[in-house]
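Student:
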Amino acid sequence: MAEDKKPSGPDLTQGVALTAFKDSKLLGHVGEEDVLLVQAGSEVFAIEPACSHYHGPLADGLVVGDTIRCPWHHACFSLRTGEATRPPALNALAVWEVTRDQGKVIVRRKREVLTPPAAHRSAPVPDKFVIVGGGAAGFSAVETLRREGFAGAITMLSNDGAMPADRPNLSKDYLAGNAPGDWLPLRGEDYYRDAGIDLRLNSEVSAIDAKARSVTLGSGDKLPFDRLLLATGAEPVRLQIPGADQPHVHTLRSVADSRAIIKAAGSAKRALVIGASFIGLEVAASLRARKIEVHVVAPEERPMQKVLGAEMGDFVRSLHEQNGVVFHLKDTVDKLDGRRATLKSGAVLEADLVVVGIGVKPRLALAEQAGLTVDRGVSVSEYLETSIAGIFAAGDIARWPDPHSRQTIRVEHWVVAERQGQTAARNMLGRRERFDAVPFFWSQHYDVPINYVGHAESFDDIAIDGSISGKDCLLKYRKGGRVLAVASIYRDLDNLKAELEMERSHA
Numbered sequence: 001m002a003e004d005k006k007p008s009g010p011d012l013t014q015g016v017a018l019t020a021f022k023d024s025k026l027l028g029h030v031g032e033e034d035v036l037l038v039q040a041g042s043e044v045f046a047i048e049p050a051c052s053h054y055h056g057p058l059a060d061g062l063v064v065g066d067t068i069r070c071p072w073h074h075a076c077f078s079l080r081t082g083e084a085t086r087p088p089a090l091n092a093l094a095v096w097e098v099t100r101d102q103g104k105v106i107v108r109r110k111r112e113v114l115t116p117p118a119a120h121r122s123a124p125v126p127d128k129f130v131i132v133g134g135g136a137a138g139f140s141a142v143e144t145l146r147r148e149g150f151a152g153a154i155t156m157l158s159n160d161g162a163m164p165a166d167r168p169n170l171s172k173d174y175l176a177g178n179a180p181g182d183w184l185p186l187r188g189e190d191y192y193r194d195a196g197i198d199l200r201l202n203s204e205v206s207a208i209d210a211k212a213r214s215v216t217l218g219s220g221d222k223l224p225f226d227r228l229l230l231a232t233g234a235e236p237v238r239l240q241i242p243g244a245d246q247p248h249v250h251t252l253r254s255v256a257d258s259r260a261i262i263k264a265a266g267s268a269k270r271a272l273v274i275g276a277s278f279i280g281l282e283v284a285a286s287l288r289a290r291k292i293e294v295h296v297v298a299p300e301e302r303p304m305q306k307v308l309g310a311e312m313g314d315f316v317r318s319l320h321e322q323n324g325v326v327f328h329l330k331d332t333v334d335k336l337d338g339r340r341a342t343l344k345s346g347a348v349l350e351a352d353l354v355v356v357g358i359g360v361k362p363r364l365a366l367a368e369q370a371g372l373t374v375d376r377g378v379s380v381s382e383y384l385e386t387s388i389a390g391i392f393a394a395g396d397i398a399r400w401p402d403p404h405s406r407q408t409i410r411v412e413h414w415v416v417a418e419r420q421g422q423t424a425a426r427n428m429l430g431r432r433e434r435f436d437a438v439p440f441f442w443s444q445h446y447d448v449p450i451n452y453v454g455h456a457e458s459f460d461d462i463a464i465d466g467s468i469s470g471k472d473c474l475l476k477y478r479k480g481g482r483v484l485a486v487a488s489i490y491r492d493l494d495n496l497k498a499e500l501e502m503e504r505s506h507a
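Heads up: the sequence shown at position 142 corresponds to 142 in my numbering, and the numbers run straight through without jumps.
Encoded structure:
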C-alpha cells in the first residue's frame with residue numbers, strides 16, 4: 001500500500017521568513033494541507049496550491065497584481081478570495097488568513113468563503129435570458145450570470161443529449177482511457193437545479209424572431225427573451241466521398257461521439273485517422289494508448305505546419321512516429337469500401353475504425369435566419385453584441401475585433417469560448433466590458449503538451465528559443481516585426497509571460 005502523501009515544505013503555523021521565498025512564492029503546509037504563500041507587493045497571501053481545473057501547480061505560475069495564473073492552462077485566481085476569475089478553472093480555491101509576527105509570516109486557519117457581491121449594473125436588468133447552445137461559451141455565460149448576482153430567468157437550450165461537458169477531454173485523457181466519465185460534466189445536475197437554470201437538453205431551436213424577442217423550438221413552442229446569447233458552436237466537416245456514411249466512420253465533437261469511438265475501439269485492431277489536425281492527432285495518440293494500430297492520412301506535407309511552422313510540424317510527426325503512428329502525407333482518401341480505404345495515390349489501407357478530423361464549420365443557420373450580420377461567422381462588436389441590440393454571440397461562431405492582431409478574427413478554441421461566455425454574460429447585464437483576452441489553447445500529444453497564445457493566421461518568420469526536439473522551447477510567430485503568437489513546450493512560465501505581454505501591449 002502506498003504511503004500517504006506527506007505535506008510540503010515548512011510548517012506555516014510556526015512562521016517563515018520572507019527571505020525563504022523563491023520568486024515571491026513558498027510552498028508549505030498547515031496541518032495536513034498544502035498551502036502556497038505568495039508575496040504580491042507589500043502583501044502576503046495564502047492559497048490552495050493546485051489549480052481547480054487539472055490541478056496544475058500554482059507554485060510554478062505567474063503572479064499578476066493580486067492574482068495568480070496557472071502554468072498549465074492559464075486559469076486565473078484571486079489571491080484575496082480564491083475565486084476563479086478566468087477559465088478554464090470554475091471552482092474557487094481555499095485561502096488562509098495570514099499574520100505577521102517579528103518579521104515572520106504565519107498561517108493558522110482558513111478564511112470563510114465569501115459570496116462575491118452582485119455586479120454593479122448601469123441599467124435595469126430585464127428578467128428573461130435565453131442561451132442557445134450547451135458548449136463552453138453557453139455554460140460559462142450561465143454560470144457567470146448567476147455568479148454576478150442575476151436573479152432573473154435563465155433558459156439554456158442545448159441540442160446535445162449530454163450536460164455541458166469538458167470537451168478537450170473527449171479527444172485526450174477520456175478517449176485514451178485515462179479519465180473516468182464522471183470527470184466530463186462541467187457541473188452536475190444539482191448545480192442547474194440549485195442555481196435555477198432551466199437546462200433543456202436535446203432541444204432544437206428552429207428560429208429566432210428578433211423583433212418579437214422570441215425563439216421558436218423544434219416542437220413549435222415559442223420562448224420569449226429579453227436578452228439572447230447565441231452560442232451554437234461548430235460542427236465537424238463531413239467527408240464527401242463514397243462510403244463516408246458507414247457506421248464505422250466517426251467524427252468527434254460530442255460526448256456521444258467520444259463514447260462511440262471508445263466502444264468501437266474495444267474490438268478494433270487498426271484505425272484510420274483522416275486529417276492531421278490537432279483533433280486528429282490527439283485522437284491518434286489516444287488510440288495508440290489503447291494499443292490500436294493507427295494510420296493518419298492527410299494532404300499536407302507535414303502535420304500542423306500552417307499553425308505551428310515546419311520545424312514544429314516535423315517534431316510532431318516524429319513524436320507520433322516514435323509512438324507507432326504511420327503517416328500517409330500528401331495524400332487523401334478517395335473512397336471507403338467496407339473496411340478498405342483507397343487513397344488518391346492508389347494505396348489501399350484496411351481499417352475497422354475510421355475517425356475523420358478535417359476541421360469544423362460554425363453553425364450559422366440560426367444567425368442568418370434571424371437577420372444577424374454574418375461574415376464567415378457572426379459579426380460582433382468588442383462587447384460581443386451582434387448587429388441586433390440585445391442579441392449577443394460567443395464561442396466558435398463569433399467573429400470579433402481582436403486588438404492584438406488588429407484583425408477581425410474567429411477562433412475555435414475552448415478557453416476562448418469560455419472567456420467570451422463570461423464577457424457576453426456581463427454585457428447582457430449592461431456592463432459594457434470589452435472582450436480583449438489573448439486567445440489561448442493547449443494540445444496534448446502523449447507526454448508532450450503544446451501551449452499556444454495569440455493568433456497568427458500567417459507569419460513571416462519564427463524565432464525559436466531552446467530545442468524543439470529536446471522538448472524545451474519557445475517559438476515566436478512574427479509578421480511585420482510584431483509577435484502575433486507564441487507556442488511552447490515545457491516553457492509554461494514563459495508562455496504566461498508572453499500572454500501578459502500581449503495583454504499589456506493593447507491595454
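We put the beta carbon where it would ideally sit given N, CA and C, even for glycine.
So does the region 240-258 actually touch the region 370-387, counting three or more Cβ pairs closer than 8 angstroms?
Tutor: no
Student: Nearest to R410 by alpha carbon, out of H404, K479, G61, D396?
Tutor: Taking the sequence shown and counting its residues from 1, the one referred to as residue 410 is at position 410. If we check each option's Cα against that of R410, D396 comes out closest.
Student: Spatial neighbours of S505 within its chain, please: CB distance less than 8 angstroms, with the 5 preceding and 5 following residues excluded, ordered by chain position.
Tutor: Within the sequence shown, the letter at position 505 stands for residue 505. So the list reads H404, once near-sequence residues are dropped.
Student: Taking the runs of the beta strand (DSSP E) that are 3 residues or longer, which of them lie wholly in the region 306-346?
Tutor: 326-329, 333-337, 340-343
Student: Check the DSSP bridge columns for E235 and list the partner residues they point to.
Tutor: By 1-based counting over the sequence shown, the position of residue 235 is 235. According to DSSP, E235 bridges with K361.
Student: Candidates Y54, A20, L186: which alpha carbon is nearest Q39's?
Tutor: Walking along the sequence shown from the start, residue 39 turns up at place 39. With distances taken between Cα atoms, Q39 lies closest to A20.
Student: Quick one: what does DSSP say D271 is sitting in, helix, strand or coil?
Tutor: For the purposes of this step, residue 271 is identified with residue 271 of the sequence shown, where counting begins at 1. Correcting the residue identity first, residue 271 is Ala in this sequence and not Asp. The answer is strand: DSSP assigns A271 an E or B state.
Student: Quick check on the burial criterion: 16 or more other C-beta atoms within 10 angstroms. Buried or exposed for A17?
Tutor: In the sequence shown, the residue the question calls residue 17 occupies position 17. Exposed is the call here.
Student: With a 10 Å radius around its C-beta and 16 neighbouring C-beta atoms as the bar for buried, classify R426 as buried or exposed.
Tutor: In the sequence shown, counting from the first residue as 1, residue 426 sits at position 426. By the neighbour-count rule (16 or more Cβ atoms within 10 Å), R426 is buried.
Student: Along the beta strand (DSSP E) that carries V142, what are the first and last residues, could you check?
Tutor: As a working mapping, residue 142 is identified with position 142 in the sequence shown. For V142, there is no enclosing beta strand (DSSP E); the residue is found in the alpha helix (DSSP H) stretching over 136-147.
Student: Would you kindly check if the distance between the Cβ of V44 and the Cβ of R86 is under 9 angstroms?
Tutor: Taking the first residue of the sequence shown as 1, we reach residue 86 at position 86. Taking the first residue of the sequence shown as 1, we reach residue 44 at position 44. Their beta carbons are not under 9 angstroms apart, which means R86 does not touch V44 by this criterion.
Student: Helix, strand or coil for R399, going by three-state DSSP, please let me know.
Tutor: The residue given as residue 399 occupies position 399 in the sequence shown. Strand at R399.
Student: Comparing alpha-carbon positions, which option in P362, V378, H445 lies nearest K471?
Tutor: In the sequence shown, residue 471 corresponds to position 471, counting from 1. Nearest in C-alpha terms to K471, of all of P362, V378, H445, is H445.
Student: Along the alpha helix (DSSP H) that carries I279, what are the first and last residues, could you check?
Tutor: Locating residue 279 in the sequence shown gives position 279, where the first residue counts as 1. Taken as a continuous stretch (DSSP letters only), the alpha helix (DSSP H) holding I279 covers 278-289.
Student: Could you tell me the distance, in whole angstroms, from the CA atom of V356 to the CA atom of V237?
Tutor: Residue 356 sits at position 356 when you count from the first residue of the sequence shown. Residue 237 sits at position 237 when you count from the first residue of the sequence shown. Taking the straight line from one Cα to the other gives about 8 angstroms.
Student: How many angstroms separate the CA atom of L230 from the CA atom of G133?
Tutor: Position 230 of the sequence shown, counting from 1, holds the residue named residue 230. Position 133 of the sequence shown, counting from 1, holds the residue named residue 133. Roughly 7 angstroms between the two C-alpha positions.
Student: Count the C-beta pairs between the region 244-255 and the region 138-149 that are closer than 8 angstroms, then say yes if the count reaches three, no if not.
Tutor: Segments in contact, no.
Student: For P116, which of helix, strand or coil comes out of DSSP?
Tutor: On the sequence shown, residue 116 is found 116 positions in, with the first residue counted as 1. Any reading at P116 needs caution, since the residue's pLDDT is 49, under 50, leaving its predicted position unreliable; the model's value is listed next. Note: P116 maps to coil in three-state DSSP.
Student: Between the Cα of E32 and those of A50, D11, H320, spot the shortest distance and give me the residue it belongs to.
Tutor: Numbered from 1 along the sequence shown, position 32 holds the residue referred to as residue 32. In this structure, D11 is the residue among A50, D11, H320 with its C-alpha nearest to the C-alpha of E32.
Student: Are there 16 or more other CB atoms within 10 angstroms of the CB of E499, so buried, or fewer, so exposed?
Tutor: Sequence index remark: in the sequence shown, residue 499 carries index 499 (1-based). Buried is the call here.
Student: Ordered along the chain, which non-local residues of its own chain (more than five positions away) have a Cβ less than 6 angstroms from that of N451?
Tutor: Residue numbering aside, residue 451 sits at position 451 when the sequence shown is read from its first letter. Counting only residues of its own chain and dropping the five nearest sequence neighbours on each side, N451 has a CB closer than 6 angstroms to the CB of W442, S488, N495.
Student: Measuring CB to CB, does I391 end up less than 9 angstroms from A370?
Tutor: Translated into the one-based positions of the sequence shown, residue 391 becomes position 391. Translated into the one-based positions of the sequence shown, residue 370 becomes position 370. Closer than 9 angstroms, so yes.
Student: Alpha carbons only, please: which of S267, R290, R302, K291 is nearest the one belonging to F278?
Tutor: Here the question's residue 278 lines up with position 278 in the sequence shown. With distances taken between CA atoms, F278 lies nearest to R302 out of S267, R290, R302, K291.
Student: Let's see if you can read the secondary structure: which residues bound the beta strand (DSSP E) around Y54?
Tutor: For the purposes of this step, residue 54 is identified with residue 54 of the sequence shown, where counting begins at 1. Counting along the chain, Y54 falls outside any beta strand (DSSP E), and DSSP gives it neither H nor E.
Student: What's the C-alpha gap between K211 and S387?
Tutor: Numbered from 1 along the sequence shown, position 211 holds the residue referred to as residue 211. Numbered from 1 along the sequence shown, position 387 holds the residue referred to as residue 387. Going from the Cα of K211 to the Cα of S387 covers about 13 angstroms.
Student: In whole angstroms, what separates the C-alpha of P117 from that of S78?
Tutor: Within the sequence shown, numbered from 1, the residue matching residue 117 stands at position 117. Within the sequence shown, numbered from 1, the residue matching residue 78 stands at position 78. With a pLDDT of only 45 at P117, under 50, the local geometry of the prediction cannot be trusted, and the value read off the model is given with reservation. Approximately 14 angstroms, taken between the alpha carbons.
Student: Report all residues from its chain with a CB closer than 8 angstroms to the CB of W414; omit the five preceding and five following residues, and keep chain order.
Tutor: Counting from one through the sequence shown, the residue named residue 414 turns up at place 414. Excluding sequence neighbours, W414 sits near P88, A136, R167, P168, F441.
Student: Hey, how far is the Cα of D127 from the Cα of G9?
Tutor: Stepping through the sequence shown from its first residue, residue 127 is reached at position 127. Stepping through the sequence shown from its first residue, residue 9 is reached at position 9. Approximately 51 angstroms between the Cα atoms of the pair.
Student: What are the start and end residues of the alpha helix (DSSP H) that includes D492?
Tutor: Here residue 492 corresponds to residue number 492 of the sequence shown, with the count starting at 1. Here the alpha helix (DSSP H) through D492 covers 492-505.
Student: Just checking my contact of I197 with M163 at CB under 8 angstroms: how many whole Å lie between their CB atoms?
Tutor: By one-based count along the sequence shown, residue 197 stands at place 197. By one-based count along the sequence shown, residue 163 stands at place 163. No, I197 and M163 are not in contact; Cβ-Cβ is about 11 angstroms, not under 8 angstroms.
Student: Using the beta-carbon count (16 or more within 10 Å), is Q420 buried or exposed?
Tutor: Locating residue 420 in the sequence shown gives position 420, counting from the first residue. It counts as buried.
Student: L343 and F150 - do their beta-carbons sit closer together than 9 angstroms?
Tutor: Along the sequence shown, read from residue 1 onward, the residue named residue 150 stands at position 150. Along the sequence shown, read from residue 1 onward, the residue named residue 343 stands at position 343. No. Outside cutoff.
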